[in-house]
Amino acid sequence: MAEAYPWQQALWQQLAGRAQHAHAYLLHGPQGIGKRALAERLMARLLCQQPNGLDACGQCKSCLLLKAGSHPDNFILEPEEADKPIKIDQVRELVSFVVQTAQQGGRKVVLIEPVEAMNINASNALLKSLEEPSGDTVLLLVSHQPSRLLPTIKSRCQQVACPQPSLAQSRAWLAAALGDSDEEAREELLSLAAGSPLMALSLQAQGVREQRALVTDGVKKLLKQQQSPSQLAEAWNGVPLLLLFDWFCDWAHLILRYQLTQDEEGLGLADMRKVVQYLAQKSRQAKVLELQAWILEQRQKVLGKANLNRVLLLEALLAHWVQLPGQR
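Each residue of the sequence shown is one higher than the last, beginning at 18 in the working numbering.
Shown next as structure tokens:
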């Protein structure tokens with residue numbers, strides 16, 4: 018059974034307690050707050066033949082089939098490979114599932130995650146099913162970035178904003194999940210994950226703190242001219258491109274913020290505070306704004322799964338970065 022998170026309790030009572038369900042829900046919010054688990058919990062409740070209060074019973078034939086991954090009235094649509102788009106052929110397969118009659122005599126439930134992984138053609142292929150799902154079908158769409166969805170997709174769903182945990186809830190949950198870690202490491206993970214505890218746990222599993230240490234050390238050596246952009250682009254081969262652009266985007270933002278406020282409390286994580294402050298003092302604001310715009314533009318290409326030359330892109334990023342100071 019999908020995990021029930023404490024910060025979702027009020028929303029769960031609203032959703033699971035309904036006598037009538039919408040034909041499509043769009044569950045949206047930042048990554049790492051448990052939207053997929055909420056969708057899976059609702060899917061189990063909608064398919065269960067003998068619900069136990071607000072939850073699925075876990076024992077009926079339907080629940081056992083779902084647990085085994087062989088429920089005939091359940092369809093999960095997701096990218097075939099991580100970070101790849103959902104293909105139009107996959108959506109066509111879903112469309113043919115939606116028009117069939119439920120084999121267990123109850124509802125059919127579809128889960129799509131993340132919805133923004135569909136391109137324009139795949140999204141358009143889904144529209145008919147969203148507008149007029151056949152029989153008692155409920156579609157659960159999970160989105161981390163609803164702004165990237167077609168308005169026609171959003172308008173055909175009941176939109177459900179999923180709650181984010183409070184900082185206290187995030188800290189408590191992460192402490193329980195990472196029992197053997199120290200508090201400083203957990204705080205750093207939560208900061209890197211923008212407060213999302215599930216994302217923080219995922220970052221820990223991916224070794225992101227070690228990757229970040231490699232990158233911050235490299236940036237410092239770059240500014241001291243101890244390493245070149247091409248050497249660093251090679252050394253960072255194992256660090257996800259989006260993560261690198263997220264960090265550089267964040268650092269550009271912190272530089273601008275310090276230039277405007279001179280607030281030493283707003284310099285970000287300890288590992289880059291001195292660098293951010295140094296660059297803020299040594300760089301022209303117009304140059305920082307220009308660099309930030311360039312980073313955001315490239316980040317959008319990375320998000321859009323554009324076919325990019327990773328090494329050349331990183332070399333360009335670092336060449337821009339090393340030129341920041343000394344241009345006031």
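From the three backbone atoms N, C-alpha and C, an ideal C-beta is built for every residue, glycine too.
- In the DSSP assignment, I137 falls outside any beta strand (DSSP E) and within the unbroken alpha helix (DSSP H) covering 137–148.
- By the beta-carbon neighbour count (other beta carbons within 10 angstroms, threshold 16), T118 is exposed.
- For Y22, the closest alpha carbon among the candidates S183, L273, Q176, L334 is that of S183.
- In this structure, DSSP gives V236 a helical state, which the three-state scheme calls helix.
- Cβ atoms of V177 and L44 come within 8 Å of each other, at about 5 Å.
- In the three-state DSSP reduction, V319 falls in the helix class (H, G or I).
- Taking C-beta atoms as the reference points, A99 and L71 fail to come closer than 7 Å.
- Contact check between the region 298–316 and the region 190–208: fewer than three CB pairs, one atom from each, fall below 8 Å, which does not count as touching.
- Each residue's CA atom was taken as its position, placing G343 and R229 some 26 Å apart.
- Secondary structure of D153 (DSSP, three-state): coil.
- Assignment of V225 by DSSP, reduced to helix, strand and coil, places it in the helix class.
- In the DSSP annotation of this structure, the continuous segment of the beta strand (DSSP E) that includes L43 starts and ends at 41–45.
- Under the Cβ criterion (8 Å, minimum of three pairs), the region 277–285 does not count as touching the region 244–251.
- When the five nearest sequence neighbours on each side are left out, the beta carbons in the same chain lying within less than 7 Å of the beta carbon of L83 are those of A61, L64, N91, in order along the chain.
- Residue pairing by DSSP puts L128 in a beta bridge opposite I93, L157.
- When secondary structure is reduced to three states using DSSP, A134 falls in the helix class.
- Bounds of the alpha helix (DSSP H) holding V115 are 105–115.
- Going by C-alpha positions, S213 is about 7 Å away from S187.
- A residue is called buried when at least 16 other Cβ atoms come within 10 angstroms of its Cβ; R58 meets this threshold and is buried.
- Under the criterion of beta carbons closer than 8 Å, V115 and T169 do not qualify as touching, at roughly 17 Å.
- The beta carbon of L313 is closer than 7 Å to those of C266 in its chain, skipping five residues each way along the sequence.
- When DSSP reads this structure, Q176 sits in a beta bridge with L43.
- Checking the DSSP bridge columns, you'll see D72 partnered with N69.
- For the pair L320 and A250, the CB atoms are not nearer than the 7 Å cut-off.
- The straight-line gap separating the alpha-carbon atoms of L239 and V339 is approximately 7 Å.
- Judged by DSSP in its simplified three-state form, C77 adopts coil rather than helix or strand.
- Counting along the chain, the unbroken alpha helix (DSSP H) around T278 starts and ends at 258–278.
- Counting only residues of its own chain and dropping the five nearest sequence neighbours on each side, V328 has a CB closer than 6 Å to the CB of A250.
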